[in-house]
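Here's the structure, in structure tokens; my notes come after.
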């Protein structure tokens with residue numbers, strides 16, 4: 015019937031390819047519009063910033079909330095980029111545990127997280143970690159060679175970027191991804207991808223440790239393994255954690271981060 019032909023058209027071997035191309039365009043457009051909302055999941059719980067260790071770099075939309083405790087004599091400082099659905103308040107106990115061992119610790123909230131201003135974007139995260147890094151060097155007098163960069167999950171994005179741009183001592187990646195899209199697609203087939211760690215890490219020659227749960231269903235273990243393989247560092251270590259997923263890696267892992275940091279810093 016004519017109405018069927020109008021709606022469906024006549025059969026052609028080209029039609030499946032047209033449909034695939036249309037789906038690709040629609041998915042690309044959807045990803046472009048919605049990527050930031052899908053990637054970033056800031057917790058809604060606020061916290062008071064007028065406490066010991068808490069402060070802010072800048073004001074208003076450009077404000078970056080930080081938590082900083084100074085190192086003991088000759089000890090390095092850990093610059094920690096936290097995971098998704100976290101903020102400085104939830105990370106504070108872990109940072110304090112490293113500080114007890116003598117490490118300096120500093121972390122920051124991404125735009126739109128905690129008391130940081132603005133909205134979360136890839137560019138905003140890069141700006142936030144760079145401001146935190148500059149604060150350590152310019153305001154606190156910390157040597158770049160005394161900075162250990164740590165990135166967990168989504169925090170691996172700004173960490174890998176900063177490591178490719180600035181001097182530092184070493185890098186620790188916990189449950190990292192190749193890129194934001196590749197946690198789903200496994201290969202870079204869509205434009206506009208976020209946090210291309212696989213590209214940034216190729217420029218980093220410093221000591222590297224990658225820690226990943228073998229049963230991670232959020233960021234598959236293959237992501238961490240491939241990043242480890244892509245790294246040009248001659249001093250690198252892969253810690254695979256059997257039976258661990260994305261959020262229980264510290265509970266099931268047979269390793270101690272404090273001891274690992276001490277070993278990396280030669281203490």
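In the numbering used here, the protein residues as written are 15 to 281. Cβ atoms here follow ideal geometry from the backbone N, Cα and C, with glycine treated the same way.
Give every residue of the same chain whose Cβ lies closer than 6 Å to the Cβ of residue i, excluding the five residues on either side of it in the sequence, and list them in chain order.
{"i": "residue 186", "result": "164 and 223"}
{"i": "residue 145", "result": "71 and 78"}
{"i": "residue 118", "result": "84, 85 and 91"}
{"i": "residue 251", "result": "223"}
{"i": "residue 93", "result": "120, 161 and 163"}
{"i": "residue 265", "result": "none"}
{"i": "residue 232", "result": "260"}
{"i": "residue 105", "result": "96 and 121"}
{"i": "residue 103", "result": "61"}
{"i": "residue 149", "result": "71"}
{"i": "residue 66", "result": "none"}
What residues in its chain sit with their C-beta under 7 Å from that of residue i, if we drop five residues either side in the sequence?
{"i": "residue 115", "result": "272"}
{"i": "residue 210", "result": "193"}
{"i": "residue 55", "result": "98 and 99"}
{"i": "residue 131", "result": "74, 75, 76, 77 and 125"}
{"i": "residue 44", "result": "With a pLDDT of 46 at residue 44, under the threshold of 50, the modelled position of this residue cannot be trusted; read the value that follows with caution. Correct list: empty, nothing qualifies."}
{"i": "residue 147", "result": "93, 176 and 180"}
Per the DSSP calculation, residue i is bridged to which residue(s)?
{"i": "residue 227", "result": "255"}
{"i": "residue 79", "result": "70"}
{"i": "residue 91", "result": "118 and 161"}
{"i": "residue 188", "result": "166 and 225"}
{"i": "residue 217", "result": "The partner list for residue 217 (beta bridge, DSSP) is empty, contrary to what the question assumes."}
{"i": "residue 240", "result": "Residue 240 pairs with nothing; no bridge assigned."}
{"i": "residue 250", "result": "222"}
How big is the Cα-Cα spacing for residue i and residue j?
{"i": "residue 170", "j": "residue 124", "result": "13 Å"}
{"i": "residue 278", "j": "residue 189", "result": "19 Å"}
{"i": "residue 195", "j": "residue 136", "result": "13 Å"}
{"i": "residue 60", "j": "residue 128", "result": "6 Å"}
{"i": "residue 140", "j": "residue 176", "result": "7 Å"}
{"i": "residue 107", "j": "residue 81", "result": "11 Å"}
{"i": "residue 112", "j": "residue 89", "result": "11 Å"}
{"i": "residue 225", "j": "residue 174", "result": "14 Å"}
{"i": "residue 134", "j": "residue 142", "result": "10 Å"}
{"i": "residue 101", "j": "residue 57", "result": "7 Å"}
{"i": "residue 64", "j": "residue 181", "result": "31 Å"}
{"i": "residue 184", "j": "residue 267", "result": "21 Å"}
{"i": "residue 257", "j": "residue 62", "result": "37 Å"}
{"i": "residue 38", "j": "residue 208", "result": "Below a pLDDT of 50, predicted positions are generally treated as unreliable, and residue 38, at 44, falls in that range; the measurement from the model is reported next regardless. Approximately 17 Å, taken between the alpha carbons."}
{"i": "residue 243", "j": "residue 109", "result": "29 Å"}
{"i": "residue 280", "j": "residue 53", "result": "36 Å"}
{"i": "residue 68", "j": "residue 269", "result": "29 Å"}
{"i": "residue 276", "j": "residue 138", "result": "31 Å"}
{"i": "residue 151", "j": "residue 87", "result": "16 Å"}
{"i": "residue 249", "j": "residue 221", "result": "5 Å"}
{"i": "residue 212", "j": "residue 241", "result": "6 Å"}
{"i": "residue 153", "j": "residue 217", "result": "27 Å"}
{"i": "residue 239", "j": "residue 155", "result": "35 Å"}
If I'm right that residue i touches residue j with Cβ under 8 Å, what's the distance once you round it to whole angstroms?
{"i": "residue 167", "j": "residue 97", "result": "4 Å"}
{"i": "residue 263", "j": "residue 227", "result": "5 Å"}
{"i": "residue 274", "j": "residue 245", "result": "Between residue 245 and residue 274 the Cβ distance is about 17 Å, and since that is not below 8 Å, they are no contact."}
{"i": "residue 219", "j": "residue 178", "result": "Not quite, the Cβ-Cβ distance comes to about 10 Å (not below 8 Å), so this is no contact."}
{"i": "residue 95", "j": "residue 158", "result": "At roughly 17 Å, the Cβ-Cβ gap does not stay under 8 Å, so residue 95 and residue 158 are not in contact."}
Just to confirm my understanding: we take residue i, look at its own chain, exclude 5 residues before and 5 after, and list those with CB closer than 8 Å. What are they?
{"i": "residue 235", "result": "226, 227, 228, 229 and 254"}
Taking 6 Å as the line, does the beta carbon of residue i fall inside it for any heavy atom of the ligand NAP?
{"i": "residue 175", "result": "As for the ligand NAP, it is missing from this structure, which has no ligand bound."}
Mind pulling the beta strand (DSSP E) runs of 3 or more residues that sit fully within the region 111-173?
118-122 and 161-166
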